[in-house]
Amino acid sequence: MPIAQAIEDRRSCRVFTDQSVPQETLERLMELTCRAPSAINLQPWQFTVLRGEEVPRLGKKLTRAYAERGISCGPDNTKPLPDIYLERQKELNRLMGPAMEQAGVERNFINTGSLVFYGAPAVVVATLDGAFPAERALDLGFALGWLLLAAQEMGLATCPVGLVCSYGDIIKDFLNIDQDRRVVLTVALGYADPNSPLNQVRSPRAPLDQVVRWY
Ligand SMILES: Cc1cc2nc3c(=O)[nH]c(=O)nc-3n(C[C@H](O)[C@H](O)[C@H](O)COP(=O)(O)O)c2cc1C
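So in my numbering, spot 112 of the sequence shown is number 112, and the numbers just go up one at a time.
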């Protein structure tokens with residue numbers, strides 16, 4: 001598959017089938033992920049791959065923590081968001097709303113679904129070594145981009161799930177990850193349910209003249 005096609009075709013999957021991902025497929029995927037570039041080739045990442053029953057077990061703990069702490073999906077902005085971003089958020093909601101209705105899921109589905117990784121059979125938890133500042137999460141961003149596109153090429157569906165990073169302490173505890181490490185992102189991984197209206201949503205992108213400047 002040409003890389004451009006993988007880029008065009010990839011979208012976040014929010015309903016997975018229960019088909020498990022073969023171990024060899026996961027290993028190949030992680031090899032390709034780790035071919036990503038990083039500053040000074042430090043490769044400051046570590047990936048923990050959960051499979052099978054471990055996924056719903058973690059999901060249960062996260063759901064309990066959500067009930068106690070109530071931290072939801074959000075942009076984590078430190079200043080009020082300019083209108084242009086609010087409009088993009090609204091545009092996504094305008095597309096997701098009818099798909100959620102059609103799929104018959106509850107209004108809070110993006111939060112509750114994220115906490116259980118949308119029923120995916122595998123999850124990758126990406127952590128940054130605590131020796132580094134938050135800026136080095138950039139290197140993990142490259143690797144995770146590689147992961148998403150390699151998965152696409154391999155016929156796998158993905159959804160980056162950032163919400164659960166607000167519950168990083170629970171994840172680290174569950175997976176015996178060093179408390180010093182930062183949970184940067186998780187990715188739900190598996191096979192898309194092709195019949196779910198939620199998986200038909202194709203999120204739009206801003207026109208180039210909004211995001212690219214030429215000199
Ligand atoms: C860093 C990051 C965190 C994200 N966190 C979540 C999440 O917690 N739950 C979720 O359903 N989607 C999450 N997403 C998926 C985005 O909502 C999605 O990428 C965006 O709406 C664009 O849609 P697309 O991936 O289908 O192109 C996240 C994406 C990124 C890059």
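Note that beta-carbon positions come from the ideal geometry of N, C-alpha and C, so glycine has one too.
Just so you know, these numbers come straight off a predicted model, no measurement behind them.
- G130 has its CB no nearer than 8 Å to any heavy atom of ligand 1.
- Per the DSSP secondary-structure output, C159 pairs in a beta bridge with A188.
- Beta-bridge partners assigned by DSSP to S12: T158.
- Our two residues, G168 and G59, have alpha carbons roughly 13 Å apart in a direct line.
- For K172, the number of other beta carbons within 10 angstroms of its own is at least 16, and it is reported as buried.
- Take S20, set aside five residues on each side of it, and the residues of its chain with a beta-carbon closer than 6 Å to its own are P121, in chain order.
- Not a single heavy atom of ligand 1 lies less than 8 Å from the C-beta of I170.
- For T112, the closest C-alpha among the options L156, M1, S72 and F132 is that of S72.
- In the three-state reduction of the DSSP assignment, F47 falls in the strand class, which pools E and B.
- For G113, the shortest C-beta to heavy atom distance toward ligand 1 is below 8 Å.
- V161 has its CB nearer than 8 Å to a heavy atom of ligand 1.
- Beta-bridge annotation (DSSP): V183 is paired with T127.
- The beta carbon of L189 lies closer than 7 Å to those of V21, A120, A122, V123, V124, A151, L156 and T158 in the same chain, with the five residues before and after it left out.
- Burial is judged here by how many other beta carbons sit within 10 angstroms of a residue's own beta carbon; M100 has at least 16 and is buried.
- Under the three-state reduction of DSSP, A134 is assigned to helix.
- In the structure shown, A103 adopts helical secondary structure according to DSSP, grouped into three states.
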